[in-house]
């Protein structure tokens with residue numbers, strides 16, 4: 014089987030190596046020509062995944078069309094806000110019989126669309142049954158070292174979800190299948206926003222009580238939004254929901270938690286982001302989800318607070334006080 018992986022960041026590279034190590038022929042596409050040349054020469058991604066060697070069955074491409082032409086499965090691992098632009102470049106490529114697996118987590122800023130919706134809107138002839146999402150608690154730093162990891166492959170088509178499960182599954186990368194792609198994509202996107210909130214709490218110096226509250230009530234926000242869009246509330250109890258939420262809120266590898274922590278310590282968003290060499294998806298997703306929640310009439314106070322702190326300059330202490338002094342309510346989702 015021939016597979017094209019679009020995006021040579023830490024996650025795209027990790028998945029390309031995982032698939033090539035299983036014996037698949039993998040074409041890894043890098044957006045920047047000079048970076049692709051570096052990857053091809055070094056046979057490893059020393060910028061984002063130092064020390065992980067490329068198997069012989071992994072080849073690096075600078076031409077998107079050449080990378081995709083022989084592939085039976087495409088894996089989109091570009092940042093969520095760049096997915097539409099990337100898909101536009103192969104919108105007219107014949108896709109009959111092919112599967113597109115998206116691994117980018119986020120909501121498109123301009124449209125409020127999920128990533129599968131972006132692909133379906135952009136690529137001519139693509140059907141929902143050909144699109145899958147591979148989400149879950151899966152830091153590239155650990156997967157690349159073959160540490161135990163579990164994720165979920167989701168598609169509206171049972172056959173597609175199970176095919177993706179089969180392709181990616183290894184002894185240390187366990188893949189479950191799921192048909193609630195709405196719930197999976199919403200959960201996997203909102204968790205990045207909640208991780209920023211958890212990081213802000215850490216940066217301020219709050220303790221375990223505050224973080225537990227953020228995770229738990231963040232889960233409630235995730236569930237409300239997913240249900241409003243037609244998702245299953247049970248999905249947020251799974252790997253793409255609480256699983257990814259916990260790891261992103263707690264892990265030292267989490268870019269979103271890091272952004273929040275630095276904000277909590279008093280740095281500006283612009284300063285934090287300008288000094289990062291990887292994308293924290295939750296930053297722009299917080300704006301997209303905030304606007305989506307308003308349009309859908311879904312109450313998401315933590316998401317709103319993160320949006321206001323990041324984009325409206327609301328002081329962290331003020332946002333915290335406003336969250337804590339909201340009208341008392343019954344616990345629920």
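Numbering (the working numbering), first residue to last: 14 to 346. Just so you know, even glycine gets a beta-carbon here, dropped at the ideal spot from N, CA and C. On a predicted model such as this, the values are computed, not experimentally measured, just so you know.
Query raised in the report: The beta strand (DSSP E) spanning residue 96 covers which residue range?
Result: On the chain shown, residue 96 is found 83 positions in, with the first residue counted as 1. That residue, residue 96, is in no beta strand (DSSP E); its alpha helix (DSSP H) goes 96-101.
**Report entry** Residue of 137, 205, 179 and 161 minimising C-alpha distance to residue 354
**Finding:** Residue 354 falls outside the range modelled here, since the chain spans only 14 to 346, and no answer is possible.
Report task. Drop a sphere of 10 angstroms on the beta-carbon of residue 89, count the other beta-carbons inside from all chains shown, and report buried for 16 or more, exposed for fewer. Result -> Taking the first residue of the chain shown as 1, we reach residue 89 at position 76. Buried, because 16 or more other Cβ atoms sit within 10 Å of the Cβ of residue 89.
Requested in this report: Helix, strand or coil for residue 160, going by three-state DSSP, please let me know.
Outcome: As a first step, residue 160 must be located in the chain shown, where it is residue number 147. Residue 160: coil per DSSP, three-state reduction.
Report task. Taking only the alpha-carbon atoms, compute the straight-line gap between residue 283 and residue 329 and give it to the nearest angstrom. Result -> Within the chain shown, the letter at position 270 stands for residue 283. Within the chain shown, the letter at position 316 stands for residue 329. Approximately 16 Å between the Cα atoms of the pair.
Report task. Say yes only if the C-beta of residue 122 is nearer than 8 Å to one or more non-hydrogen atoms of the ligand ATP, and no if none qualify. Result -> Annotation note on the ligand ATP: not contained in the displayed structure, which lists no ligands.
Query - residue 15 beta carbon less than 9 Å from that of residue 83 - result: Position 70 of the chain shown holds residue 83. Position 2 of the chain shown holds residue 15. Result yes, Cβ atoms of residue 83 and residue 15 sit closer than 9 Å.
Requested in this report: Can you give me the Cβ contacts of residue 321 inside the same chain, cut-off strictly under 7 Å, excluding the 5 residues immediately before and after it?
Outcome: As a position in the chain shown, residue 321 is number 308, starting the count at 1. Here the set comprises 327 and 332.
Query raised in the report: Touch check for the stretch 51-63 and the stretch 98-107: three-plus C-beta pairs under 8 Å?
Result: no
Query raised in the report: Which residue comes first and which comes last in the alpha helix (DSSP H) that contains residue 333?
Result: For the purposes of this step, residue 333 is taken as the residue at position 320 of the chain shown. Unbroken alpha helix (DSSP H) run through residue 333: 329-337.
Query raised in the report: Nearest CA to the CA of residue 168: which residue from 137, 148, 280 and 228?
Result: Counted from its first residue, the chain shown places residue 168 at position 155. Of the listed residues, the one whose Cα sits closest to residue 168 is 148.
Requested in this report: Determine the extent of the alpha helix (DSSP H) in which residue 186 is found, giving its start and end residues.
Outcome: Residue 186 sits at position 173 when you count from the first residue of the chain shown. Run containing residue 186: none in the alpha helix (DSSP H); it sits in the beta strand (DSSP E), 186-191.
Query raised in the report: Three or more C-beta pairs closer than 8 Å, one from the stretch 205-219 and one from the stretch 138-157: is that the case here?
Result: no
Query - Top-ranked residue by Cα proximity to residue 97, from 46, 174 and 127 - result: Locating residue 97 in the chain shown gives position 84, where the first residue counts as 1. Ranking the options by Cα distance to residue 97, first place goes to 127.
Query raised in the report: Between the stretch 302-318 and the stretch 231-250, do three or more beta carbon pairs fall short of 8 Å?
Result: yes
Query raised in the report: With a CB to CB cut of under 8 Å and the five nearest residues on each side skipped, what residues in its chain are close to residue 223?
Result: In the chain shown, residue 223 corresponds to position 210, counting from 1. So the list reads 214, once near-sequence residues are dropped.
Query raised in the report: Since residue 293 contacts residue 260 with CB under 8 Å, what's their CB separation in whole angstroms?
Result: Here residue 293 refers to the residue found at position 280 when the chain shown is read from its first residue. Here residue 260 refers to the residue found at position 247 when the chain shown is read from its first residue. Actually they do not touch by this definition, with Cβ atoms about 15 Å apart.
Requested in this report: Could you tell me whether the stretch 118-133 touches the stretch 151-160, where touching means 3 or more Cβ pairs closer than 8 Å?
Outcome: Because the criterion of three Cβ pairs below 8 Å is not met, the stretch 118-133 and the stretch 151-160 do not touch.
Query raised in the report: From residue 165 to residue 252, what does the alpha carbon distance come to, in whole angstroms?
Result: Indexing the chain shown from 1 puts residue 165 at position 152. Indexing the chain shown from 1 puts residue 252 at position 239. Approximately 6 Å, taken between the alpha carbons.
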